[in-house]
Amino acid sequence: GEKSSGDDHNSDESVYRYSLVHTIYDICVRFPEVLPTIVPTICEILTYEEVNDTRAANEACKFLREILERFPQRKADILEKLMQIFPSVVGCETLRHLLWIFGEYCTTYEEINSFMTLVRQVIGELPLVDEELRRQGSQVNSIDSSTENRNQPSVLISGDINLGVTSAQRVTADGTYATQSALTLRSNKDSGSVNGIKRPVLQAALFESHYFPGVVLSVCLVKLFYRYSLILKQEQMKAVNKDESTNIKIVSKENSFAAECMLIIASMIHLATSQLLPHQVNPDHLDRMWICLKILADRRAEVLEAFERTSHSCLTEMLTYQESERKSDAKTRNQGLIEHQKHYLN
1 GEKSSGDDHN
11 SDESVYRYSL
21 VHTIYDICVR
31 FPEVLPTIVP
41 TICEILTYEE
51 VNDTRAANEA
61 CKFLREILER
71 FPQRKADILE
81 KLMQIFPSVV
91 GCETLRHLLW
101 IFGEYCTTYE
111 EINSFMTLVR
121 QVIGELPLVD
131 EELRRQGSQV
141 NSIDSSTENR
151 NQPSVLISGD
161 INLGVTSAQR
171 VTADGTYATQ
181 SALTLRSNKD
191 SGSVNGIKRP
201 VLQAALFESH
211 YFPGVVLSVC
221 LVKLFYRYSL
231 ILKQEQMKAV
241 NKDESTNIKI
251 VSKENSFAAE
261 CMLIIASMIH
271 LATSQLLPHQ
281 VNPDHLDRMW
291 ICLKILADRR
301 AEVLEAFERT
311 SHSCLTEMLT
321 YQESERKSDA
331 KTRNQGLIEH
341 QKHYLN
């Protein structure tokens with residue numbers, strides 16, 4: 001595929017951004033009282049075109065992940081902010097990291113429902129293939145209906161027609177109108193716009209054959225279904241009037257949630273196996289998504305629990321290791337300073 005603006009990882013600006021985020025990361029771990037001020041800014045960075053999947057974006061995601069694990073009292077605020085900026089996030093790797101965060105830390109009924117609302121927003125109408133074929137069909141009909149106007153004089157110059165320029169009117173600072181074309185807008189093109197089609201951010205990634213976010217979303221949906229079903233069971237146990245209608249209502253909620261998760265995963269798999277994508281999707285990605293679909297269809301409690309347990313234990317081990325590495329590095333630096341001072345004092 002084409003290189004994005006974030007592919008130049010060796011540029012001075014990229015190195016500077018990474019160093020800045022990494023420094024903020026270290027400061028916040030040592031002085032957590034600054035988190036309410038810093039976290040919103042770190043989240044906003046992920047929407048900048050120039051930070052598209054660079055080391056700085058990756059470091060920002062690592063920062064958010066560690067803060068959520070170390071300071072659970074900040075979880076609600078961080079998740080709320082991430083859900084606000086997610087529809088504007090730039091970069092498929094960043095999408096993948098944030099989906100993983102949602103899958104790991106959305107644990108309450110409200111958080112899970114908010115995330116499902118977000119997924120509906122960023123993936124678009126389902127099923128994906130049916131909606132895309134319908135869109136293409138309406139586009140063809142629109143072109144057919146406009147053929148009768150082809151002999152009329154065009155307001156575009158012939159050079160613009162050959163270049164395929166699309167123009168739009170913009171209001172300038174002094175209130176007058178100016179025309180901008182796709183050529184002048186290329187540098188700040190919307191990340192969800194491909195071939196002139198504006199797509200929601202996750203749908204755009206899928207239609208560009210970037211399926212790793214889809215795999216992570218599939219795993220995320222399995223974990224969220226498990227938590228959602230546990231919450232419903234707790235509601236059932238707390239219910240004062242445990243009549244048949246209460247049980248039916250809870251089972252209906254669980255079935256509806258599972259059905260929506262399965263529809264999302266099945267739609268992504270169907271799109272991957274259709275002829276609508278520019279590149280073939282990695283078969284390993286599809287295998288993992290099929291496994292998630294099967295788990296949701298079977299709903300075996302021990303398998304669902306394994307998804308939940310193993311994921312978090314791996315994260316805990318990794319963060320423990322990172323903390324020991326950080327302390328070791330600090331000790332080495334301090335020892336170096338002491339030796340340096342001794343050398344000059346002697």
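Using full-length UniProt numbering, you'd call the opening residue of the sequence shown number 1 and step up by one each time. We treat Cβ as the ideally placed atom computed from N, Cα and C, and that holds for glycine.
Inter-residue Cα distance where the pair is His-270 and Ile-291 | Residue numbering aside, residue 270 sits at position 270 when the sequence shown is read from its first letter. Residue numbering aside, residue 291 sits at position 291 when the sequence shown is read from its first letter. Taking the straight line joining both Cα atoms gives about 15 Å.
Hey, Phe-115 and Leu-224: beta-carbon distance below 8 Å or not?
-> Numbered from its first residue, the sequence shown carries residue 115 at position 115. Numbered from its first residue, the sequence shown carries residue 224 at position 224. Closer than 8 Å, so yes.
Proximity of Val-21 and Ala-76 at Cβ, strictly below 8 Å = Counted from its first residue, the sequence shown places residue 21 at position 21. Counted from its first residue, the sequence shown places residue 76 at position 76. It is not a contact, given that the beta carbons lie outside the stated cut-off.
Pair every Cβ in the segment 228 to 246 with every Cβ in the segment 97 to 105, then say whether three or more of these pairs are closer than 8 Å.
-> no
Considering only residues of the same chain and omitting the five flanking positions on each side of Arg-96, which have a CB-CB separation below 7 Å?
-> In the sequence shown, the residue the question calls residue 96 occupies position 96. Same-chain partners within the cutoff: Phe-212, Pro-213 and Val-216.
Does the segment 64 to 79 come within contact of the segment 193 to 210, defined as at least 3 CB pairs closer than 8 Å?
-> Per the Cβ contact rule, the segment 64 to 79 is not in contact with the segment 193 to 210 (fewer than 3 Cβ pairs under 8 Å).
Any idea if Gln-203 is buried or exposed, counting beta-carbon neighbours within 10 angstroms, 16 or more meaning buried?
-> Numbered from 1 along the sequence shown, position 203 holds the residue referred to as residue 203. So Gln-203 ends up on the buried side.
His-97 - containing alpha helix (DSSP H), residue span = As a working mapping, residue 97 is identified with position 97 in the sequence shown. Looking at the DSSP string, the run of the alpha helix (DSSP H) that includes His-97 is 92 to 105.
When you compare each of Thr-273, Leu-230 and Ile-264 to Lys-253 by their alpha carbons, which one comes out closest?
-> By 1-based counting over the sequence shown, the position of residue 253 is 253. Closest option to Lys-253, Cα to Cα, is Leu-230.
From Tyr-105 to Pro-72, what distance separates their C-alpha atoms?
-> In the sequence shown, the residue the question calls residue 105 occupies position 105. In the sequence shown, the residue the question calls residue 72 occupies position 72. Their Cα atoms are separated by approximately 9 Å.
Own chain partners of Ala-272 with C-beta closer than 7 Å, once the 5 adjacent residues on each side are dropped | For the purposes of this step, residue 272 is taken as the residue at position 272 of the sequence shown. Closer than 7 Å at the Cβ level, and outside the excluded window around Ala-272, lie Tyr-211, Val-281 and Leu-286.
Phe-31, buried or exposed, once every other Cβ within 10 Å from all chains shown has been counted against 16 = Indexing the sequence shown from 1 puts residue 31 at position 31. So Phe-31 ends up on the exposed side.
Would Thr-94 be called buried (16 or more neighbouring beta carbons within 10 Å of its own) or exposed?
-> Indexing the sequence shown from 1 puts residue 94 at position 94. So Thr-94 counts as buried.
Considering only residues of the segment 57 to 82, which uninterrupted beta strand (DSSP E) runs meet the minimum length of 3 residues and lie entirely inside it, listed in chain order?
-> Qualifying beta strand (DSSP E) stretches: none in this window.
Can you grab the Cα-Cα spacing for the pair Leu-64 / Val-39, in whole Å?
-> Numbered from 1 along the sequence shown, position 64 holds the residue referred to as residue 64. Numbered from 1 along the sequence shown, position 39 holds the residue referred to as residue 39. About 8 Å.
When the Cα atoms are used, what is the spatial distance from Ile-265 to Phe-86?
-> Sequence index remark: in the sequence shown, residue 265 carries index 265 (1-based). Sequence index remark: in the sequence shown, residue 86 carries index 86 (1-based). Roughly 19 Å between the two C-alpha positions.
Starting from Phe-31 and walking both ways along the alpha helix (DSSP H), at which residues does that stretch end?
-> In the sequence shown, residue 31 corresponds to position 31, counting from 1. Phe-31 -> no alpha helix (DSSP H), and no H or E assigned at all.
In the DSSP assignment, find the alpha helix (DSSP H) that holds Pro-283 and state where it starts and stops.
-> What you label residue 283 is simply residue 283 of the sequence shown in a count that begins at 1. Per DSSP, Pro-283 belongs to the alpha helix (DSSP H) from 283 to 298.
Would you mind working out which of Val-251, Ser-11 and Val-129 sits nearest Leu-277, comparing C-alpha positions?
-> The sequence position of residue 277 within the sequence shown is 277, counting from 1. It is Val-129 whose Cα lies nearest to the Cα of Leu-277.
Looking only at its own chain, which residues have a Cβ that is under 8 Å from the Cβ of Leu-293, when we skip the five neighbours before and after it?
-> On the sequence shown, position 293 is the one that residue 293 refers to. Excluding positions up to five away in sequence, the list reads Ser-218, Met-262, Ile-265, Ala-266 and Ile-269.
If we count the other Cβ atoms within 10 Å of its Cβ and call it buried at 16 or more, is Thr-184 buried or exposed?
-> Counted from its first residue, the sequence shown places residue 184 at position 184. Low confidence applies here, because Thr-184 scores a pLDDT of 28, under 50, leaving its location unreliable; read the following figure in that light. Thr-184 is exposed by the Cβ-count criterion.
Unbroken alpha helix (DSSP H) run spanning Lys-242, endpoints = Taking the sequence shown and counting its residues from 1, one reaches residue 242 at position 242. It is not in any alpha helix (DSSP H) - Lys-242 carries neither H nor E in the DSSP assignment.
Under 8 Å Cβ to Cβ from Thr-107, same chain only, skipping five residues before and after it: list those, please.
-> Working through the sequence shown from its first residue, we reach residue 107 at position 107. Here the set comprises Arg-227.
Can you grab the Cα-Cα spacing for the pair residue 383 / Phe-207, in whole Å?
-> Because the chain spans 1 through 346 in this model, residue 383 falls outside it and cannot be assessed.
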